[in-house]
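Student:
Residue numbers (our numbering): 573 to 694.
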């Protein structure tokens, strides 16, 4: 899967709180489908659908261990999403630094910071 499509799949999978909870559990170590479904008030087929979405996004991998099919988390898609988000975090930090400098300059020049305008209803 190419990177833009993989990012789309990662963020789509992470958009659901149940899938995020499943990933949080798998961050502690591998687990079976049954173990992953225990905390949720939903059917086994519903849990399996969530796992399929996570698997298609590359966020988990299902193994084969005799009678069990343990699931484990895959870090690469999360690392890619984090790297993508990191670029924007750096951008916002730079903008906040610029704002801090401007406010410091205004304070040093004796200019009061502008108060936001309040719109009055007519």
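Glycine is no exception: its CB is placed at the ideal position from the N, C-alpha and C atoms.
All figures in this text were calculated on a predicted structure; none of them were measured in a lab.
(1) Here's a check: name, in chain order, each residue in its chain whose Cβ is nearer than 7 Å to the Cβ of residue 609, leaving out the five neighbours to either side.
(2) What are the complete alpha helix (DSSP H) segments, minimum 4 residues, inside the segment 602-679?
(3) Please report the Cβ distance between residue 597 and residue 622, rounded to the nearest whole angstrom; I am assuming they are in contact, meaning their Cβ atoms lie under 8 Å.
(4) Would you be able to state if there are at least three C-beta pairs under 8 Å between the segment 626-644 and the segment 657-674?
(5) Specify, as a first and last residue, the run of the alpha helix (DSSP H) that residue 580 falls within.
(6) So the candidates are 649, 679 and 626; which of them puts its Cα closest to the Cα of residue 594?
(7) Which same chain residues, not among the five before or five after residue 586, have their C-beta less than 7 Å away from its C-beta?
(8) At which residues does the alpha helix (DSSP H) containing residue 591 begin and terminate?
Tutor: Short version:
(1) 616 and 619
(2) 605-609 and 616-628
(3) The Cβ separation is near 12 Å, so there is no contact.
(4) No, they do not touch.
(5) Start and end: 575-586.
(6) Nearest C-alpha to residue 594: 626.
(7) By the criterion of a C-beta distance shorter than 7 Å, residue 586 is surrounded in its chain by 592, once the five residues flanking it on both sides are discounted.
(8) Unbroken alpha helix (DSSP H) run through residue 591: 589-598.
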